[in-house]
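Chains as they are written, first to last, in the working numbering: chain A, 6 to 374; chain B, 6 to 374; chain C, 6 to 374; chain D, 6 to 374.
We treat Cβ as the ideally placed atom computed from N, Cα and C, and that holds for glycine.
The block underneath contains the structure these notes are about, expressed in C-alpha cells.
Protein chains: 4
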Amino acid sequence: MAGSSFGTIFKITTWGESHGKGLGVVVDGCPAGLPLCEEDIQKFLNRRKPGQSKYTTPRKEDDAIEILSGVFEGKTTGTPISMVVFNENQRSKDYSDIASYYRPGHADYTFDMKYGFRDYRGGGRSSGRETIGRVAAGAIAVKILNQLGITFTTYTKSIGPVNIKEENFDAAQISENPLYMPDAEAAENALAYLDACMAELNSSGGVVECVIKGVPVGIGDPVFEKLNANLAKAVMSIGAVKGFEIGDGFDVAKATGKNNNDAFRMRPDGSVTKATNHAGGISGGMSDGSNILLRATIKPTPSIASVQQTVNKSGEEIDVSIRGRHDPIIVPRAVVVVESMAAIAIVDAMFANMSARMDSIEKFYCNES
Amino acid sequence: MAGSSFGTIFKITTWGESHGKGLGVVVDGCPAGLPLCEEDIQKFLNRRKPGQSKYTTPRKEDDAIEILSGVFEGKTTGTPISMVVFNENQRSKDYSDIASYYRPGHADYTFDMKYGFRDYRGGGRSSGRETIGRVAAGAIAVKILNQLGITFTTYTKSIGPVNIKEENFDAAQISENPLYMPDAEAAENALAYLDACMAELNSSGGVVECVIKGVPVGIGDPVFEKLNANLAKAVMSIGAVKGFEIGDGFDVAKATGKNNNDAFRMRPDGSVTKATNHAGGISGGMSDGSNILLRATIKPTPSIASVQQTVNKSGEEIDVSIRGRHDPIIVPRAVVVVESMAAIAIVDAMFANMSARMDSIEKFYCNES
Amino acid sequence: MAGSSFGTIFKITTWGESHGKGLGVVVDGCPAGLPLCEEDIQKFLNRRKPGQSKYTTPRKEDDAIEILSGVFEGKTTGTPISMVVFNENQRSKDYSDIASYYRPGHADYTFDMKYGFRDYRGGGRSSGRETIGRVAAGAIAVKILNQLGITFTTYTKSIGPVNIKEENFDAAQISENPLYMPDAEAAENALAYLDACMAELNSSGGVVECVIKGVPVGIGDPVFEKLNANLAKAVMSIGAVKGFEIGDGFDVAKATGKNNNDAFRMRPDGSVTKATNHAGGISGGMSDGSNILLRATIKPTPSIASVQQTVNKSGEEIDVSIRGRHDPIIVPRAVVVVESMAAIAIVDAMFANMSARMDSIEKFYCNES
Amino acid sequence: MAGSSFGTIFKITTWGESHGKGLGVVVDGCPAGLPLCEEDIQKFLNRRKPGQSKYTTPRKEDDAIEILSGVFEGKTTGTPISMVVFNENQRSKDYSDIASYYRPGHADYTFDMKYGFRDYRGGGRSSGRETIGRVAAGAIAVKILNQLGITFTTYTKSIGPVNIKEENFDAAQISENPLYMPDAEAAENALAYLDACMAELNSSGGVVECVIKGVPVGIGDPVFEKLNANLAKAVMSIGAVKGFEIGDGFDVAKATGKNNNDAFRMRPDGSVTKATNHAGGISGGMSDGSNILLRATIKPTPSIASVQQTVNKSGEEIDVSIRGRHDPIIVPRAVVVVESMAAIAIVDAMFANMSARMDSIEKFYCNES
C-alpha cells in the first residue's frame, strides 16, 4: 500500500533510493505566502549531512536541494512544493556483493520477502538517505511554526552509557560538537566511547530529545488523533527508532499519582500554568501550554565491520563483515530528522484545530470585513 | 478535526461519553464471512470490566454489547458493524462539582481550552470508558487474526516497582489474578504494593507487554506506514500511555551493534529465522517472522483522593481531593485495550499488504478458476 | 474496504441495513458550540419520509432520530455525534422470496458476487433506507452552513418528460406539492404522468437540481480536491444517481468559448461578479462567488410490479414481478439526500480552506488577544 | 489543504506549474514486479502532446518523461515511482500581461482570492499541463489493468454539434485522425466545424467516452466508495469537465423502469450476464461484469482571441483578447486524461477489493504452501 505519505492537511510524500537518480519529497497543503528559498531547506539538510567528523561517514555528499515547484517570487503559492536532491555519488559496484545475502539488523530480508526482490544498492529505499525527504519537508514545517512563535530545541541526550547532565545543559553547545550534545563534557566522554566502539569494529545506540516551546493549548484531537499519538507515529516511522516517550515516559511506570500529577497554577497575568511538567506538555492528547517534551531511542548502526552470522539467498548460513564506511552512531544525524517529523505532525494538528469551534469558524468567514 | 477513526482498510470509528446515552463503535472494512456474535465481543469487554476485585472500581457496570448491523445469519456481511453499550448507571450529580475546576492529570483544562466547554460528567469523552469502542473493535480484529493463525499474549509486566520475573513466566497465570500478571509471585507483591498505595490515597503506574505470534513476514509498509509506526500510534492513542517500545526498546540506547543485531539462521525446514529477537519482530518497518514484542507504559491513575492543588474556571487556585471510587491502577484494565489496538493495526496492515506484489494480484484475479 | 465514511475534516460514517436493528451515522469533526437538538435532524429526515402521498410508499415508518453522543447542554461538544433510527417495522418474511434470485436494476447480484452472500431483507445495505445516515448528517452540515450565511434551494427539476419551466419557478411551491417541484403546473403534469406509470406497473426517472447561495470565493482545492470533484463523488455515491453536472453541464459540449465564458464585471460596491454563470459557481475547482448550481439524474425505481426476466442463484432463467409497495419515482425523496451530500462536501471544503494562507493562520493563532 | 493526491492504496501525488521547472507525479502503492520503462509512460504522454495538427497548439513541447525512482532492473520495486517532465520552453515574458487581469473562464480570479496571489505564468498550476502527472500515472495504472485482462477504449464522442454515429463506429479510426474520433466521417465534419470556430476566433466543447472491458464483478465498495462515485471524482477533477455520466446517464431521467432495468440472463457457459447494459457496467456501486461505460463533457477552450469583457486587479472593467496559440478544442487531448483517471480509480478499487472476503484472505495468507 501507499506508505510514503504522512499528514492529512499538511501532507508530505517522499520518494527515492540511496543509489537511484535522486531522493525527494512533495509537500502538499503548505499555506500560500510563506517566504521560502532553497537556502531555508539546505540549512536543515546540512544538519544531517555526513562527512563533518570522523564519527560520521566520510563519504562526500553534497545533497544540494532543488525546489521544482510551489514557490513563486520567493513565496509559497499554496500548490505542492516538489523538492529533489540528485544523487551524484552512485558507486553501485560497492554494493553488488550484498545483493546475495541478508545483512543482520537491516531490512534486506523483509524487503525480499514482501516484494519478491529489492533494490540492493546501498539499502535502496531503506537507506538512511530516505530521510532527506523528511528533513526537506521538516524545514518548511519548522519555518511555519517559527512564524507562529513556536521553537524547537533538539539534541542528543545520550550515547551508549553517556548521558547529558541537567546541570551542564547548554543549548548553545548543541552546534559546537559533532554529536549535537548540549553538554560539552558529555560530548567529550561520548566521543571517547565512540572511539572505543570503532576500535572494536562496533557501533552504539543513543537517545534524541526534542523540546518544543510555544505550542498553543488545545492542539491535537481526542481519541485516535491525539498529538502524542501522531508524534509517536511520526518519530517511530524513522528507521532505527525503537522507542518513544512523552514527558516522564517510561518512568511513569514507577511513579505514583501524587508525584506524577501536575498541579495547575495561576500566572500573575491570569493565565493557567502547571507547577510541574511530568505530562510533557500534552494532556488528554492535546497540548496543554507547557513545553512539549519527547524522546526517541535509536538503535546502534547495524552496519559493522565485525564478523557476523547470517544467511544468503541460497539458504546457506554464512559469515559476513559489512565493508564500506559507516557511522558508528546514527544518533547525531537523527537529531534533525526527529525534529522534522515532530514539526510536520504539529503543523498538521494546528491546521486541523482551526475548525474545532463554531465561533472561530464564524469569525474566520463572517467577520472578515 | 475528525479524530475518532483509526485504520485505512479496516477502519474503526468510536463515539460516546462516560455519562451520555452510551458508547459505541462502527467497524468498517471487516471482510464478509467471519462468524461473529455478541458473545465474541462480550468476552473481550469483560476483560476491561471493573468490579472484579478491590483493585478495580467497585461501580457496577454491565457493559452489555449490542450488535446493530453488519452481521446476518451469524456471519459478517462486509458492511459496517455498528456496536453499542448503553450506559445504565448515569449518576450525573456525582460529577457536578468537577465542572468548576480542572482535575490535575486529566484533560479537563485542554478540553475547555480547545472547545470552549466540555461534557464534564465523568470525564465525558476522555473517560476510560472511551475504550469500550476500541475493545469491541479489537475483539473482531483478534478473531480475524486468530483465523489466520496469529495469537496474542498480553499482560501486566510491571506495577510500580514490581516486575514479573522471566523465570516465573506462566501465561496460564494471566487470567488467574486480578492484575493480569503471568507471574503469581509478582502479582502477590504488586497487590501488596497497591494496598499500600490505597492506604496513602495514592495510585500507581505500570507497564503492559504484548507478544504476537504468527504474523507472516512482510507486513507493514516502508517509510511512514511501518508496522511499528502504526502500532506506536495505535497504542499511544490510548489515554494514560506515555511511552511505547518495540523489542529491546529503550535498552538499545545502551546497546552496541554487536549485541543488538539479530543473526539470521536457517531452520531445518529450510526457512529463515533469527538467532535472537532484539528487533522485536519488526525490521525496516515490516514484520520479520519472529514474535512481535511491544510494551506500553501507563501512568498512575490521576484521580486520587489525596489533596491536590489546582485552579478553577474563575482563575482561583484551590485545593481539591477527587471523590468517588477510582482504581488505584489503570494497568490491568489497559491490557485488553493494548491488545485490541495492536490487533486493529495489524489487521489493517495485513489487508494493505495483499496488493504488494503483481504476481499475487494476478493470482488473485486471474487464476481463480 | 471501508466504504462507509465520507469527508476528511468533517467526516461522516454511516451504517445499517433496511431490515436490521436500525440505521445510523457518526458525524466526527463537527465543531463545538453549534446549537443542536433532535428536532433539527428530524425536520430533515421528514423530507425523505415516505407515506405522504400515493406517489411514495404507503409503508408507515416513523424514522425517529435519537442523538446518542456529542451534544451536551444543547450544543455540540466537538466530539463525535452518533445518531440512530431504530427500525420498528421489520417484516422480514415479505422478503424471503427475493433471497433466491437477482432483481433487475438492484445490487443483489453484485453483493453476492463480492461478498459471497447478502442480507437480502429489503435490500439490506443497498436499500434506500441507507440514506437515513446521510440525511441526518446533512442536517448538521446545512445548519453549520446556514450559520455562515449559506443557503440551499433543492428541488425536482424534471420527472420523465415533464420539466419545470423557468418562467413558473416559485421556490415557495417546493414544499407545496409531494414531488418537491418549484412549479405548480409542472407538478400537476408530473403527477398525471406518474399515474400513468403506475397504471402500467412502471416507474419513472428524473432530475434533482440544487442551488447554493453564499459560498465565499475560494472554497475547494485545486487538482484532485476540486469542489466540483467532491460534489460529484458525494452526489454520485447516492444510489440510483447516473449522472452529475455543474452549471451548464452537458450543454457545454455544444457551446462555444464565446457563449460559455462568463465575463467578470464590477459591482457598484467594488466587488467582482460575473455577468453570467455558465460555470455554475465553480472555476478551477474553487467556488467563484456566484451561486453553485448542480444537477443529478436519478434512474427510475427498479422495483416494478411488471413481469421481468432474471436469473436465480441456481443459474436458472426465470420471470419475476417485484411485489410489495414501491414508489413509482425516487426523485422527490432524493431531493433532501442530494442537498445533504452537497452540504457535507462543502462544509469539509470550507474547513480545509482555513489553512490556505499563511496570513490567515497567523491571524488565527497570533492575533487573538 | 493537500489537494494533489488521489487514491488510497494506489495513490498518486502530482505537482508542478506550466512554466515552472517541471511537472511530475509520485505513484505510491504500485505493486512490485511490474515491468516498467520510460517508453511505457512516454507513449501515453504522446497521446496528450500538442503540435500534431493545426487543431492543437503548435507550441513545440517534448514532454520527455524521466523515471527517478521505484524501478530497478526493469521492474517496479513496490516503492514510490517518481516521474518528472522538465519544462524546456519557459517563455515567461509572453504571460506577463495576464498577471494584471482575470481571464474569463480561467481560474485566475479564484486562485488570487484563495491564496492572495498566483503564479500567473501560463496558468501556473491550473494549466492543462497539470495533466502530465495524471497521464504518467495513468500509464502505469493501465499497464497493471492490461496485465489483469482489462482494456480501455477511449475516444472523442462529439465535438460541438458533431456526434459519432453508432453505425460508423470503428475503434481503429481513433488513432487515425487528430480528433481521436472512432468515425472517419464525423471526424471530417468536426474538423470543418473547428475550422469555422477558428475563423471566428472561437472554440468548441465536446464529449469524451470511455469503454472499459474485463473488470471482474464486485469491484467498488458500497455507499461512499462506489466505483461510479470514485470514477466521477476522478474525471470531474480534470479541469474543463462539467458533467459526468455512467451508462445511459442523463437519459435515464426520461426512461422508465421497464426500459431501464437490465434483465439478467445465463450464458451458455453458466455465467451470469445482462441482456442490456443501461447501467453502464455498475450496479449498486460495484462492477457487474458488463462493460463499464462513462462519459465526460468538456467545456470549450476558454482562451479565445475574440474580444471579451473582464476586470483587472485594480477593479477596472476592461476588454481583453487572449493572445498566444491555443487549441480551439480541448477534447482530443483530454481523451487520454479521462482514460488515465478512470484507470487509477479502478486499480485502487481492485486493490481494496482483495480483502472483501474472509475466505479469500485465508487463502491468500494460509494456503500459500
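{"Query": "Please determine, among D:G12, D:D324, D:N282, the residue with the shortest C-alpha to C-alpha distance to D:V236.", "Result": "The question names Val, yet the displayed sequence has Leu at residue 236 of chain D. Here the closest residue by C-alpha is D:G12."}
{"Query": "So which of B:A7, B:S131, B:G143 has the shortest CA-CA distance to B:A350?", "Result": "B:G143"}
{"Query": "D:P40 by DSSP, collapsed to three states: which one?", "Result": "strand"}
{"Query": "State buried or exposed for B:G83, treating a residue as buried only when at least 16 other CB atoms are found within 10 Å of its CB.", "Result": "buried"}
{"Query": "Would you please verify whether the beta carbon of B:S9 is less than 7 angstroms from any beta carbon of chain C?", "Result": "yes"}
{"Query": "Spatial neighbours of D:F249 within its chain, please: CB distance less than 6 angstroms, with the 5 preceding and 5 following residues excluded, ordered by chain position.", "Result": "A237, V240, M241, A301"}
{"Query": "Within the continuous alpha helix (DSSP H) that includes C:V228, where are the two ends?", "Result": "Unbroken run through C:V228: none, as it is neither H nor E."}
{"Query": "Is the segment 251-269 of chain D in contact with the segment 162-170 of chain D, if contact means three or more CB pairs nearer than 8 angstroms?", "Result": "no"}
{"Query": "As a quick exercise: from A:G128, A:L28, A:D33, A:S23, pick the residue whose alpha carbon is nearest that of D:I17.", "Result": "A:D33"}
{"Query": "Within 10 angstroms of the Cβ of B:P36, are there 16 or more other Cβ atoms? Answer buried if so, exposed if not.", "Result": "buried"}
{"Query": "At 7 angstroms on the CB atoms, spell out the chain C contacts of B:E93, in chain order.", "Result": "Residues of chain C passing the Cβ test: none, with the nearest at roughly 14 angstroms."}
{"Query": "With a cut-off of 7 angstroms, does the C-beta of B:R272 fall near any C-beta of chain A?", "Result": "no"}
{"Query": "Exposed or buried, which one is A:A191 when buried takes at least 16 other CB atoms within 10 Å?", "Result": "buried"}
{"Query": "I want to see whether chain A comes within less than 7 angstroms of B:V216, judged by CB atoms only; does it?", "Result": "no"}
{"Query": "Would you list the residues sitting across from D:Y160 in a DSSP beta bridge?", "Result": "D:E214"}
{"Query": "Across the segment 221-235 of chain D and the segment 307-314 of chain D, are there enough close Cβ pairs to call them in contact, namely three or more that are closer than 8 angstroms?", "Result": "no"}
{"Query": "Using a threshold of 7 angstroms, state whether the C-beta atoms of D:A260 and C:G121 are closer than that.", "Result": "no"}
{"Query": "Is the number of C-beta pairs between the segment 359-367 of chain A and the segment 325-333 of chain A that are closer than 8 angstroms three or more?", "Result": "no"}
{"Query": "Which of the residues in the segment 178-201 of chain D, read from start to end, lie with their CB under 8 angstroms from any CB of chain C?", "Result": "none"}
{"Query": "Under 8 angstroms: do the segment 146-159 of chain B and the segment 205-220 of chain B share three or more Cβ pairs, one atom per stretch?", "Result": "yes"}
{"Query": "Please classify B:D273 as buried or exposed, where buried requires at least 16 neighbouring CB atoms within 10 angstroms.", "Result": "Checking the displayed sequence, the identity of residue 273 of chain B turns out to be Pro instead of Asp. B:P273 comes out exposed."}
{"Query": "Taking DSSP as the reference, what is the three-state secondary structure of A:N168?", "Result": "strand"}
{"Query": "Determine which residues of the segment 239-251 of chain D have a Cβ less than 9 angstroms from any Cβ of chain C, and write them out in chain order.", "Result": "A239, V240, M241, S242, I243, G244, A245, V246, K247, G248, F249, E250, I251"}
{"Query": "First and last residue of the alpha helix (DSSP H) that includes C:V343?", "Result": "336-358"}
{"Query": "B:N151: buried (16+ other C-beta within 10 angstroms of its C-beta) or exposed?", "Result": "exposed"}
{"Query": "Could you list the residues in the segment 252-264 of chain A with a C-beta less than 9 angstroms from some C-beta on chain D, going in chain order?", "Result": "none"}
{"Query": "Check whether chain A comes within 7 angstroms of B:V147, counting only Cβ atoms and requiring the distance to be less than that.", "Result": "no"}
{"Query": "Counting along the chain, where does the alpha helix (DSSP H) carrying D:Q152 start and finish?", "Result": "136-152"}
{"Query": "Following the continuous alpha helix (DSSP H) through D:K381, name the residue where it begins and the one where it ends.", "Result": "Beyond the ends of chain D as shown, which are 6 and 374, falls residue 381 of chain D; an answer cannot be given."}
{"Query": "Below 7 angstroms between beta carbons: does that hold for A:M186 and B:G320?", "Result": "no"}
{"Query": "Going by the beta-carbon positions, is the gap between D:N92 and D:G138 smaller than 7 angstroms?", "Result": "no"}
{"Query": "From A:Q47 to A:P337, what does the alpha carbon distance come to, in whole angstroms?", "Result": "17 angstroms"}
{"Query": "Given that D:E322 touches chain C, what residues does it touch there, using C-beta distances under 7 angstroms?", "Result": "R270, M271"}
{"Query": "Looking at C:L199: is its Cβ nearer than 7 angstroms to the Cβ of C:S292?", "Result": "no"}
{"Query": "Check each residue of the segment 20-41 of chain D: if its Cβ is closer than 8 angstroms to any Cβ of chain B, include it; give the result in chain order.", "Result": "G34, P36, A37, G38, L39"}
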